[in-house]
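Here the structure comes first, spelled out in structure tokens, and everything after it is commentary.
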Amino acid sequence: MPGTNLTREEARTRAALLHVESYDIDLDLSSAREGGTFRSTTTVRFTATTPGAESFIDLVAPSVSEIVLNGRALPLDSFADSRIALPGLAAENELKVVADCAFTNTGEGLHRFVDPVDGETYLYTQFEVPDARRVFASFEQPDLKASFTFTVTAPNGWAVISNSPTPQPEGEGDTRVWRFSPTGRISTYITALIAGPYVGVFDEYRNGDQVVPLGVYCRPSLREFLDADAIFTVTRQGFDYFQEKFDCPYPFEKYDQLFVPEFNAGAMENAGAVTFRDQYVFRSKVTDAAYEARASTILHELAHMWFGNLVTMEWWNDLWLNESFATFAESVCQAEAAGSQWPDSWTTFANEMKTWAYRQDQLPSTHPIMAEINDLEDVMVNFDGITYAKGASVLKQLVAYVGQDEFFKGVQAYFKAHSWGNTRLSDLLGALEQTSGRDLKAWSKSWLETAGINVLRPKLETDAAGVITSFSVLQEAPALPAGAKGEAVLRPHRIAIGAYELKDGQLVRTERIELDVDGAETAVPQLVGKVRPTVLLLNDDDLSYAKVRLDADSLAAVTEHLGTFATSLPRALCWASAWDMTRDGELATRDYLELALSGLARETDIGVVQSVQRQVKLALDMYADPAWREQGLARWAAAAEEQLRAAAPGGDHQLAWARTLAAVARTEGQLGLLAGLLDGSQELDGLAVDTELRWVLLHRLVATGRADEAAVAAELERDSTAAGQERAASCRAARPTAEAKAEAWASVVEHDDLTNYVQDAVIGGFGQADQRELLAPYVEKYFAAIKGVYETRSHEISQQIVVGLYPALQVSQSTLDTTDAWLASAEPAPALRRMVVESRAAVERALRAQAADHAAGARELGH
Ligand SMILES: [Zn+2]
Numbered sequence: 000m001p002g003t004n005l006t007r008e009e010a011r012t013r014a015a016l017l018h019v020e021s022y023d024i025d026l027d028l029s030s031a032r033e034g035g036t037f038r039s040t041t042t043v044r045f046t047a048t049t050p051g052a053e054s055f056i057d058l059v060a061p062s063v064s065e066i067v068l069n070g071r072a073l074p075l076d077s078f079a080d081s082r083i084a085l086p087g088l089a090a091e092n093e094l095k096v097v098a099d100c101a102f103t104n105t106g107e108g109l110h111r112f113v114d115p116v117d118g119e120t121y122l123y124t125q126f127e128v129p130d131a132r133r134v135f136a137s138f139e140q141p142d143l144k145a146s147f148t149f150t151v152t153a154p155n156g157w158a159v160i161s162n163s164p165t166p167q168p169e170g171e172g173d174t175r176v177w178r179f180s181p182t183g184r185i186s187t188y189i190t191a192l193i194a195g196p197y198v199g200v201f202d203e204y205r206n207g208d209q210v211v212p213l214g215v216y217c218r219p220s221l222r223e224f225l226d227a228d229a230i231f232t233v234t235r236q237g238f239d240y241f242q243e244k245f246d247c248p249y250p251f252e253k254y255d256q257l258f259v260p261e262f263n264a265g266a267m268e269n270a271g272a273v274t275f276r277d278q279y280v281f282r283s284k285v286t287d288a289a290y291e292a293r294a295s296t297i298l299h300e301l302a303h304m305w306f307g308n309l310v311t312m313e314w315w316n317d318l319w320l321n322e323s324f325a326t327f328a329e330s331v332c333q334a335e336a337a338g339s340q341w342p343d344s345w346t347t348f349a350n351e352m353k354t355w356a357y358r359q360d361q362l363p364s365t366h367p368i369m370a371e372i373n374d375l376e377d378v379m380v381n382f383d384g385i386t387y388a389k390g391a392s393v394l395k396q397l398v399a400y401v402g403q404d405e406f407f408k409g410v411q412a413y414f415k416a417h418s419w420g421n422t423r424l425s426d427l428l429g430a431l432e433q434t435s436g437r438d439l440k441a442w443s444k445s446w447l448e449t450a451g452i453n454v455l456r457p458k459l460e461t462d463a464a465g466v467i468t469s470f471s472v473l474q475e476a477p478a479l480p481a482g483a484k485g486e487a488v489l490r491p492h493r494i495a496i497g498a499y500e501l502k503d504g505q506l507v508r509t510e511r512i513e514l515d516v517d518g519a520e521t522a523v524p525q526l527v528g529k530v531r532p533t534v535l536l537l538n539d540d541d542l543s544y545a546k547v548r549l550d551a552d553s554l555a556a557v558t559e560h561l562g563t564f565a566t567s568l569p570r571a572l573c574w575a576s577a578w579d580m581t582r583d584g585e586l587a588t589r590d591y592l593e594l595a596l597s598g599l600a601r602e603t604d605i606g607v608v609q610s611v612q613r614q615v616k617l618a619l620d621m622y623a624d625p626a627w628r629e630q631g632l633a634r635w636a637a638a639a640e641e642q643l644r645a646a647a648p649g650g651d652h653q654l655a656w657a658r659t660l661a662a663v664a665r666t667e668g669q670l671g672l673l674a675g676l677l678d679g680s681q682e683l684d685g686l687a688v689d690t691e692l693r694w695v696l697l698h699r700l701v702a703t704g705r706a707d708e709a710a711v712a713a714e715l716e717r718d719s720t721a722a723g724q725e726r727a728a729s730c731r732a733a734r735p736t737a738e739a740k741a742e743a744w745a746s747v748v749e750h751d752d753l754t755n756y757v758q759d760a761v762i763g764g765f766g767q768a769d770q771r772e773l774l775a776p777y778v779e780k781y782f783a784a785i786k787g788v789y790e791t792r793s794h795e796i797s798q799q800i801v802v803g804l805y806p807a808l809q810v811s812q813s814t815l816d817t818t819d820a821w822l823a824s825a826e827p828a829p830a831l832r833r834m835v836v837e838s839r840a841a842v843e844r845a846l847r848a849q850a851a852d853h854a855a856g857a858r859e860l861g862h
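Here the sequence shown is numbered in numbering that gives the first Met the number 0, starting from 0 and rising by one per residue.
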């Protein structure tokens, strides 16, 4: 992305010089149905502390037709390299910029989508991190807040939504004009515009005298599936909970939530106009885990209205805090809000967030939570699992450290002091020090300024009668990969240790000890003199952020009884520990498979079931000894069929096992069952073979050569929606022929006309684990292509390609060597290098795990 970067130093200089009052932004979207470009007229009023000084404003646009600064026309070539140079500033300035900006199909800037169902055009903006400048001339940095007034010309009959309440449109004929009222002072990246024949459902949030209008929108083709009441219910719970805990009323005039097409992220917290990916409008049956994930996302974005939008980071180096706070807030709200449907949210947090954080934190690219963000390119690559998941985990540890009440009191003081302003981390930590009386400098240093995960291991000795004679917790410094940034240190951990016994077939906690672990070895005298329990679980209740190991006896008990823990959180922690050991080659894939098979039969938490199912498939594809892999896959497929047939009719487990079987089916019988379910010749009691499940079944049949192009075309006929087009594209890329692979490859790598979603679907279909031989020629092609891809495509699109097409399935030394040769010779940009280095790490890890699995197999055979 040459020319579109902005350094922190430039931002600092500009913030010191300028104070921005307001933007009037006039957008003419009357040609949206044709696409191409749209007219954008921006008038910015701002002051400068040093008259005569020079600055610049950001703009990414195909062309500019007028630049007028303080009544004086500037030459059009002042616009170059995505900036407009502003020389000779006055104390008070008015700048007018008229530009033709481009609609996009990458989900960045002003995304334009045509729904094949109704042929109508749907637009929405996505600006984080630096893309408001693709729609209007803007000082694109979070600490130059201003009031924004949007005026939008759009086709008659459209819904037009922005940060301020939607006004009555004016005018006659084919177009109308919407004149929005000015916003409060907000950052550019949370301004928003959503326009098109979207349909809305309306309600309000009431609390005493307070009335906040609520809206939920989607495309008409999804309207029949929009369960607005469920969305309003969670939203209201969030309003109640956050307003009370933050002691601060919701800061904006209304709250609209818009489900929009081809959205790259889960959602975006635009002030008062949150956009969500519209897969959250469920058109087929999904499990409760999907409803929980949607509710979490709703609460996450709502929490941002205060933390992020009302009070905003000064620069992107504190993005982690913004995201971590919202992620922590979503979980604590789910756990505690009155009427919450998902009070076990900390289980989900352990299962999803922690797993993500642990994985990311072991990549060569890992970095301290407080990363140096010197420019916008640094931000783009740091939007990772450290930012969201590790940050949130560490914030959870901070809450345990200062106490939850003190934490929220500090947060309240922080909102009172900084409303509508910008802050740094020290502002929040200062407020927490005030309320908790704890010195947080050492805490901050050891948790925020270092990288990696500590490992906690129990060390215990027992006498002949099984009585514990000594017990301590060993802490290991993180094993940082070569080249990783940051220091590997031991940290202070607040943890709980749980003792579990088998009672009536269930593992029940009989004792809980909470303590500070510090240094390499921390003695736990409380356990000495007691009979060794069946399972000893470190970091019970998941207070800290650490990899946890089980002692040999506990591991044996867990392997046999994992499914019998009476509560879901220790189960999730043991699942996570087993998965982590598998990834590290400390548990052979074949042993992990056995543990999963016995544990899954009893696991009730559907979110945990689904993530273990995904992990087992990943382990079999990547970590299994290739000589044994097919045996493991066959065992997994047979188990999936058995569980599917045994599952309660119509339940979530039945659906989850149907999807699992569809991912792995290999025998004639299994594939015949998929085909039978699809054509209706076979039925399973309660299993609805609906639109999405049909595509899942067909995908496997196509990938194994059991169904052909005609079957895909017929299915697309039945489901001629945008989602259907994506599924069809994925099926076509999954066909087991050299021609299909070549076609898919060319459509992604050699052409650049696929939308973000279709491209993602093609990439997903291309990489089939049982097509390794067909895919082998693409190792070389990949390395020949990616530099050009990175240099010519947008950030989102090139990331999909570079990460998604990396030959991760070719687990071999040769893949590592080829990667290393490319890294040594290609001189890739830092962001591109990072993506390739991370992908390489997955292959390196897989090689180690395969060796461990091979060794376990050799032991079993007695070699
Ligand atoms: Zn967020």
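Glycine included, every Cβ here is placed at the ideal spot set by N, Cα and C.
Could you tell me if residue i is buried or exposed, where buried requires 16 or more neighbouring beta carbons within 10 angstroms of its beta carbon?
i: Trp-419; result: exposed
i: Ser-543; result: buried
i: Lys-408; result: buried
i: Ala-153; result: buried
i: Ala-15; result: exposed
i: Leu-860; result: exposed
i: Glu-268; result: buried
i: Asp-255; result: buried
i: Arg-111; result: buried
i: Gly-2; result: exposed
i: Arg-175; result: buried
i: Lys-395; result: buried
i: Gly-871; result: Any property of residue 871 remains undetermined from this structure, which presents the chain solely from 0 to 862.
i: Glu-8; result: exposed
i: Glu-169; result: exposed
i: His-652; result: buried
i: Gln-209; result: exposed
i: Glu-602; result: buried
i: Leu-75; result: exposed
Quick test of your reading: residue i and residue j, contact by CB under 8 Å. State the CB separation rounded to the nearest angstrom.
i: Thr-182; j: Ser-163; result: 6 Å
i: Lys-144; j: Arg-184; result: 4 Å
i: Ala-662; j: Lys-616; result: 6 Å
i: Leu-298; j: Gln-242; result: Wrong, their Cβ atoms sit about 13 Å apart, outside the cutoff.
i: Pro-106; j: Phe-262; result: A quick correction: the sequence has Gly, not Pro, at residue 106. Their Cβ separation, rounded to whole angstroms, is 6 Å, which keeps Gly-106 and Phe-262 in contact under 8 Å.
i: Phe-470; j: Leu-526; result: 4 Å
i: Arg-731; j: Gly-764; result: 7 Å
i: Lys-740; j: Leu-773; result: 6 Å
i: Ala-98; j: Ser-62; result: 7 Å
i: Val-378; j: Val-128; result: 5 Å
At a threshold of 6 Å, does residue i count as lining ligand 1 (C-beta to nearest heavy atom)?
i: Glu-93; result: no
i: Ala-325; result: yes
Looking at ligand 2, does it come within less than 6 Å of residue i, judged from the CB to the closest heavy atom?
i: Glu-322; result: Within the structure as shown, ligand 2 is missing, the only ligands being ligand 1.
So, is the C-beta of residue i closer than 7 Å to a C-beta in chain B?
i: Leu-192; result: Protein chain content of the structure displayed is limited to a single chain, and chain B is not contained in it.
Three CB pairs or more closer than 8 Å across the stretch 301 to 320 and the stretch 535 to 551: By the C-beta criterion, the stretch 301 to 320 is judged not to be in contact with the stretch 535 to 551, since fewer than 3 inter-stretch pairs fall below 8 Å.
Touching or not, the stretch 626 to 645 and the stretch 814 to 823, by the rule of three or more beta carbon pairs under 8 Å? Judged by Cβ distances under 8 Å, the stretch 626 to 645 makes no contact with the stretch 814 to 823, as fewer than three pairs qualify.
Extract the residue ranges of the alpha helix (DSSP H) inside the stretch 262 to 348, only unbroken runs of 4 or more that lie entirely within it. Taken in chain order, the complete alpha helix (DSSP H) segments of 4 or more residues contained in the stretch 262 to 348 are 287 to 303, 318 to 335, 344 to 347.
Pick out the complete beta strand (DSSP E) segments inside the stretch 124 to 161, 3 residues or longer, and give them in chain order. Correct list: 146 to 154, 158 to 161.
With three or more beta-carbon pairs closer than 8 Å as the criterion, would you say the stretch 338 to 350 touches the stretch 368 to 385? Counting Cβ pairs under 8 Å, fewer than three are found: no touch.
Count the C-beta pairs between the stretch 577 to 590 and the stretch 618 to 633 that are closer than 8 Å, then say yes if the count reaches three, no if not. Because the criterion of three Cβ pairs below 8 Å is met, the stretch 577 to 590 and the stretch 618 to 633 touch.
State whether the stretch 461 to 468 contacts the stretch 427 to 442, with contact taken as three or more CB pairs (one from each stretch) at a distance under 8 Å. The stretch 461 to 468 vs the stretch 427 to 442: no contact.
Output the residue ranges of the beta strand (DSSP E) runs that lie fully inside the stretch 439 to 508 and measure 3 residues or longer, sorted by chain position. Counting only runs of 3 or more, we get 454 to 461, 467 to 475, 492 to 502.
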